[in-house]
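Written below as structure tokens is the structure these notes are about.
Number of protein chains: 6
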Amino acid sequence: MKVLYILPGSLSRTDLGTREIDRRRAVLQRLAAPGTEVDIVDVPDGPSSIESAYEEYLSVPGTLVHVQAAARAGYAGAIIGCFGDPGLDAARELVEMPVVGPAEASMLMACTLGHRFSVITVLESVVPSMRHLAHRVGVSEKLASVRAVDIPVLELAKNRERSISRMIELGRRAVGEDGADTLALGCMSMGFLEAHQTIAADVGVPVVNPVYAALKMLEALIGAGLAHSKRAYPIPPKMAAFQVASR
Amino acid sequence: MKVLYILPGSLSRTDLGTREIDRRRAVLQRLAAPGTEVDIVDVPDGPSSIESAYEEYLSVPGTLVHVQAAARAGYAGAIIGCFGDPGLDAARELVEMPVVGPAEASMLMACTLGHRFSVITVLESVVPSMRHLAHRVGVSEKLASVRAVDIPVLELAKNRERSISRMIELGRRAVGEDGADTLALGCMSMGFLEAHQTIAADVGVPVVNPVYAALKMLEALIGAGLAHSKRAYPIPPKMAAFQVASR
Amino acid sequence: MKVLYILPGSLSRTDLGTREIDRRRAVLQRLAAPGTEVDIVDVPDGPSSIESAYEEYLSVPGTLVHVQAAARAGYAGAIIGCFGDPGLDAARELVEMPVVGPAEASMLMACTLGHRFSVITVLESVVPSMRHLAHRVGVSEKLASVRAVDIPVLELAKNRERSISRMIELGRRAVGEDGADTLALGCMSMGFLEAHQTIAADVGVPVVNPVYAALKMLEALIGAGLAHSKRAYPIPPKMAAFQVASR
Amino acid sequence: MKVLYILPGSLSRTDLGTREIDRRRAVLQRLAAPGTEVDIVDVPDGPSSIESAYEEYLSVPGTLVHVQAAARAGYAGAIIGCFGDPGLDAARELVEMPVVGPAEASMLMACTLGHRFSVITVLESVVPSMRHLAHRVGVSEKLASVRAVDIPVLELAKNRERSISRMIELGRRAVGEDGADTLALGCMSMGFLEAHQTIAADVGVPVVNPVYAALKMLEALIGAGLAHSKRAYPIPPKMAAFQVASR
Amino acid sequence: MKVLYILPGSLSRTDLGTREIDRRRAVLQRLAAPGTEVDIVDVPDGPSSIESAYEEYLSVPGTLVHVQAAARAGYAGAIIGCFGDPGLDAARELVEMPVVGPAEASMLMACTLGHRFSVITVLESVVPSMRHLAHRVGVSEKLASVRAVDIPVLELAKNRERSISRMIELGRRAVGEDGADTLALGCMSMGFLEAHQTIAADVGVPVVNPVYAALKMLEALIGAGLAHSKRAYPIPPKMAAFQVASR
Amino acid sequence: MKVLYILPGSLSRTDLGTREIDRRRAVLQRLAAPGTEVDIVDVPDGPSSIESAYEEYLSVPGTLVHVQAAARAGYAGAIIGCFGDPGLDAARELVEMPVVGPAEASMLMACTLGHRFSVITVLESVVPSMRHLAHRVGVSEKLASVRAVDIPVLELAKNRERSISRMIELGRRAVGEDGADTLALGCMSMGFLEAHQTIAADVGVPVVNPVYAALKMLEALIGAGLAHSKRAYPIPPKMAAFQVASR
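Residue numbers (our numbering), protein chains in the order written: chain X, 12 to 258; chain W, 12 to 258; chain P, 12 to 258; chain C, 12 to 258; chain B, 12 to 258; chain Z, 12 to 258.
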């Protein structure tokens, strides 16, 4: 079974980016259950990183093209590889296979791990949309706080140690000041640092890595034979009419 | 003072559509307070109508281009002319002038008119996103229900009488079965039918026309000297960095 | 078109008070849209200021007399000029024209300006009733906090600079500690200081002046042809029976 | 120990009313625990019955006079004898003794009896204010519904059998359609019919009589040595200043 | 009339414990209204104290045996003497008489005393379950915070002064930092210290003693002729079938 | 890796029950991912089925013994095989490995599949506890309804066709009347009928089988390297003290 991990931004325009795409694919493949094959694509005309609603919207059309193509190509499911879950509702409208958003998957996993969770993310500019996401997922009652390390996405990996120590610092404050008993890392580039266990060991609470959460939730859905409700995410009416008409 | 009404879909590709654009501009101009001049534009490569999350996303990039251009051209504010308020958060990130969404404006006005309001919209496919909108606006406690007339956007004006009688029928059920004391019409093409007073007279509760609500809310904000919070809708960080760098 | 601004307290008993009434009328008239004429009355046997539930109740009977008289005299709408919105529900029961409460109007405008707003008000004694008001308005999900400057209503104008600097201080704390991105001034005497732009410039977020919000919301409702739902605010049953009987 | 039951309306203007006041006092005295003496007063210039926000406000000033007098006369506590709890917050501001509202007491008792309760009240015109009351009490999560028998207050006792059969009918619908497992009678005149056990036996769920709930809650508070928080209900600031000044 | 106070833990295994049981019975009897006789039992094979969900569950089977026996023996009602209200739902399923939980009773009384209450309890380990309890009771909207003195149950009485001073310290922080205007003591061993008035005098807000609240609420329910809804707490179906079969 | 599925009731007391245990183990093993071995145990002195809070409590002590034994025996995780998730919080206090409750797992999966889900369960007697469960899980905002087929647990498999047709009937009503777009089967004996796909095909929405959800969620947690937060579920304090003392 093959699943597709879609990077909604443009990483393939530089050699460095291409190597990072390869590294991420390898991380995902290592995590995958036996029998799961993970492919990865990016959106070459998407934004270089997503730190605003504006960039989220710019990433969506290209992402949706990949989702539709994956369904036609027989993939068993897809992951939209950004913690903003950009275009997730539209993706689910367009296809029958399960499409997983890392924010949704991480928040649901965080819900089972404790009573209140905090999200540690990159910049203040995305904090409000994280709160809206928690409501869409349906778990806002359990969201203790969203805190930002104040490091742009593209800087996270440049100084890995500083990034980790900032995540630890904010994680401690989320636990001590906001009452969180569980953390989720709110950015895929944070997840691909693979530092969640270091942070968990230091802060003393479980840390949900969105890379892991997204892949494991997708495998769980596929394993349970489930896909998203077409009553919740109906095929766009004019598209449905066209499909009927062209039969 | 000039304000811009942006049609996020493509109406100008046919003569009929062009005439409808002119008609809508005339409606808006007639409603405008003395001293307000209303311009109107559409998004020629946008969807023909918006009845899904998918079409919402497709409409956003072109809409945002108009918003940015309007701000540069000195408009005092803009309205995103779709009841889904597509791209509203991003629009507010990009500019300093107020940008109004008809759903938000209508729901806020409905909140002052009574205790519980219902939205009468076009198709079941947009009902869940209306509920999410009510939460984003912050008024979900007052939302009694969302009901769909089951008439596609592009059919509404073709049989105006049938559309009105369906809106009346669902309005009565919203009042009688869902406990609503106020209605909002959940589609701009419904609003431009200008049938809200007919419906209100029949159902016996106030009916918020989103065309009116959006324009009056925009005038109210401008009149009160207010624009959206840049702490809530910060300029995208990389764009802000670019602006600083290019000074 | 004429609208009536009702001061629910007694200001006209001293020359100083009479001059303040005149000043407030001039402020309102200056703010009004072309074609709107603003009259102002006070409640001579009302309390000298409203800083408790007790004083709110004392102000209501006289306020309601003015509301009824205004409707009979053909006013297009009325504003109850106290941020506690005293007697607003009863006023709407008694008349068909729109009656606006400054707290409701300000909170609804604050909702469109950002994600979370705080109210800056006078004394701790009114803080709980502000929270209840936010719930009645339907927007308690967006209320970040209510903070009191600890200056009685009647002292606000005596030391304008101190009042403004306290409002700025609490506004900064609301933003920094409570997560607000928008402020509303929770007292009409604060509003008539006309310092909202000074505060906004200092704190860096929009500040809703309840004087402006109330007038602009009333003009917006009238402009949109809307009045409050009689299903939400029915005429008192025995009064309705009397009206029917006396026909 | 003496407690005062305040009728916020005018019952003593007719002989019939005076006899009804005596009857109600006798009912209360019969319910009282050993050692509790119940006095009763009405508000002669209050409304003849309370079926609107308007009438609630008219009843408050006279009610508050009685509350203050009772405190000075050494009563151990007071009950505001209307299910709208009119002026309850102000009453608590003015005195140190506990003041109980029947709606609050009934809703709190209903909360312990089951998972979801419904209120059966008189007219549609008071339904929205019951919902607001449930929120003020803090128990809106447990409110299943509010249903009105459509019988004015002053008619309830005229046809006792019809009133009871309507309460039973609506109680059944609250249980069957709204998911209530407990009922509260939402009007003191309903309570003084003393039909709650008949209704409970028929509908099969407990029925909270607000007359009993108010008196028993007041006795419980006094018995536990508790009175309302002055932090929640502070003495009105100017009144407090006056008390300090006059020492 | 006799009521039973059930200690869900094992206190009778030592002489000291037996004397404490006697002391607690005397406290309860002193508080009881004229005509109420209070008996007390413990659960000898229960936990020595309850500071975890684990110990709560261990205490339930023995507690339920006492509840059933009390009903058969003609008691008018029972109190489950632990602030976790362990097994309260099951107890209500098994019998027709009212069964009161001190947490539920205290939280409901706290709701009438102010706008927001805090619970002062023993250890961090029980804080999350207190929050869940507040939701079950239906009053989570009014819960300001839960704070733990960090003293185990069995240590509370050993250094009474230190315990009281810690409760005062946390009470002050609940009021000053969390916005509480009312406190409830979240442990029966705290209640039996009978220090609530000392704490209230120091902190300046009412303090609900769960011993008093439970007994007074039980007396109030019995006095009002009320017992828990069998629709909410139905007799276990197989047990009901058995009862029918054995008639 | 081995995981343990614990039946909290007594099934092994009859041959029929023993065969059913074997069948359930085979179903679980068939579902398991490659590398997962599923063992199964029951609680011989537990209740024959769980249809009340009373029976839940009776099942907990024996269940917790199994959980502790499994942790000592090196299992990677455990499932408490009852949709009431009895004792789940205590189980997580006692061990470091993940312990999954089928209700929690099913509700979280239902959250990702749509906007609103309904639970189809056995008897009315467990409906209120399902609602409480949804709140504990943190997803009550998404719970559309809980509906009962009115068939006792032990009857479900006796007339499989009738059980399935009742589940379909209620599923249709949940979708049509309650607005659900996703269903979850609220009883493990329902799940082991393995009829979820039949129901899904008929009703037209995804149906979460709690057997599948629990196993896949446990595998996902183990695969992501996650276990429950010890800050949320701390080891019982006296037990922790004992462990420290006995080192």
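Using N, Cα and C, we set each Cβ at its ideal position, and we do this for glycine too. These figures come from a predicted structure and were not determined experimentally.
Please look up how many angstroms separate the CB atoms of P/I17 and P/S23, rounded, as I've assumed it's under 8 Å.
Contact flag wrong, Cβ pair sits at about 12 Å.
Evaluate B/G149 with the Cβ neighbour count: other Cβ atoms within 10 Å of its Cβ, from every protein chain shown; 16 or more gives buried, anything less gives exposed.
buried
Please confirm if the stretch 125-144 of chain W is in contact with the stretch 179-192 of chain W, defined as three or more CB-CB distances below 8 Å between the two stretches.
yes
Given that a residue counts as buried once 16 or more other Cβ atoms are within 10 Å of its Cβ, and exposed if not, what is Z/T2?
The structure shown does not extend to residue 2 of chain Z, since chain Z is modelled only from 12 through 258, so no value can be given for it.
Run of the alpha helix (DSSP H) containing C/E180, from where it starts to where it stops
171-189
Please list the residues of the stretch 108-120 of chain X that have a C-beta atom closer than 8 Å to any C-beta atom in chain Z, keeping them in chain order.
V111, E115, A116, L119, M120
Looking at B/V214 and B/R183, is the spacing between their C-beta atoms short of 7 Å?
yes
Kindly list, in the order they appear in chain X, the residues whose Cβ is closer than 8 Å to that of Z/V186.
R242
What does DSSP give as the partner residues of X/K13 in its beta bridges?
X/E48
Pair within 7 Å by beta-carbon distance, W/I162 and W/I210:
no
Could you check whether C/L99 and C/I90 sit closer than 7 Å to each other, using their CB atoms as the reference points?
no
Helix, strand or coil for P/F253, going by three-state DSSP, please let me know.
helix
If we ignore side chains and look at the alpha-carbon of each, how far apart do C/A43 and C/L226 end up?
7 Å
Based on Cα-Cα distance, which residue from P/S63, P/A64, P/V71, P/E62 lies nearest to C/A8?
Residue numbering for chain C in the displayed model covers 12 to 258; residue 8 of chain C lies beyond these limits and cannot be assessed.
Please report the straight-line C-alpha distance between W/G234 and X/G187, rounded to a whole angstrom.
45 Å
Chain P contacts made by the stretch 123-139 of chain B, where a contact means CB separation under 8 Å:
H126
Take the Cβ of W/F203 as the centre, count every other Cβ of all protein chains shown within 10 Å, and call the residue buried at 16 or more, exposed below.
buried
For P/G98, decide whether its Cβ has a neighbour in chain C, counting only Cβ atoms nearer than 7 Å.
yes
Suppose you measure from the CA of X/R171 to the CA of W/A81; what does that come to, to the nearest Å?
42 Å
Name, going along the chain, the residues of the stretch 53-74 of chain Z whose beta-carbon falls closer than 7 Å to a beta-carbon of chain B.
E62, S63, A64, Y65, E66, Y68, L69, V71, P72
Would the beta-carbon of P/L15 fall within 7 Å of that of P/D53?
no
Member of C/I175, C/H146, C/K153 whose CA lies at the smallest distance from the CA of C/A159
C/I175
Is the distance from the Cβ of X/P217 to the Cβ of Z/L75 below 7 Å?
no
Under 7 Å by beta carbon: chain C residues contacting P/L105
Y65
Assign Z/T47 to buried or exposed, taking buried as 16 or more other Cβ atoms, counted over all protein chains shown, within 10 Å of its Cβ.
buried
So, under 8 Å CB-CB, B/P221 and B/A114 are touching, yes? Tell me the CB distance rounded to an integer number of Å.
7 Å
Any beta-carbon of chain X closer than 7 Å to the one on W/A101?
yes
Would you please verify whether the beta carbon of Z/V216 is less than 7 Å from any beta carbon of chain X?
yes
Which residues share a DSSP beta bridge with B/L18?
B/D53
So which residues of chain B does C/D192 contact, with C-beta pairs closer than 7 Å?
S240, R242, A243
So, with DSSP's three-state summary, where would you put B/R142?
helix
What would DSSP say about Z/S156, mapped onto helix, strand or coil?
strand
Option nearest C/H143 by Cα separation, candidates C/V157, C/S21, C/V111, C/Q40:
C/V157
Between the Cα of P/M118 and those of P/V133, P/T29, P/A155, spot the shortest distance and give me the residue it belongs to.
P/A155
To the nearest angstrom, how far is the alpha carbon of X/C122 from that of X/M201?
20 Å
Near C/Q79, what residues of its chain come up, given a Cβ to Cβ distance below 7 Å and the 5 sequence neighbours on each side ignored?
L105, V106
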